[in-house]
Amino acid sequence: MSVTPSLFQLQQPDAFLRRHLGPDAAEQQAMLAALGLPSRAALIEQTVPPAIRLNRPL
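Numbering (the numbering used here), first residue to last: 126 to 183.
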């Protein structure tokens with residue numbers, strides 16, 4: 126396996142965006158449904174310890 130990207134790989138200007146935009150709304154809902162959670166807020170409540178949560182806007 127080569128670590129040097131091919132010319133084809135280098136000529137895909139939107140490839141970075143496709144990989145790094147995160148899930149869209151439908152994908153988020155599917156993820157939450159798979160976890161049995163109603164919202165991202167519920168996900169955060171179940172995964173981030175209260176002692177380290179920031180309870181104000183950034």
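Note that the Cβ used here is the ideal one computed from N, Cα and C, for glycine as well. The structure displayed is predicted, hence computed values, not measured ones.
- Residues of the same chain with a CB within less than 6 Å of the CB of Gln154, apart from the 5 flanking positions on each side, do not exist.
- Taking 8 Å as the cut-off, the Cβ atoms of Leu168 and Leu179 do not count as close.
- Taking 8 Å as the cut-off, the beta carbon of Pro163 is found no closer than this to the beta carbon of Met156.
- Leu162 carries a coil assignment under DSSP once its states are collapsed to helix, strand and coil.
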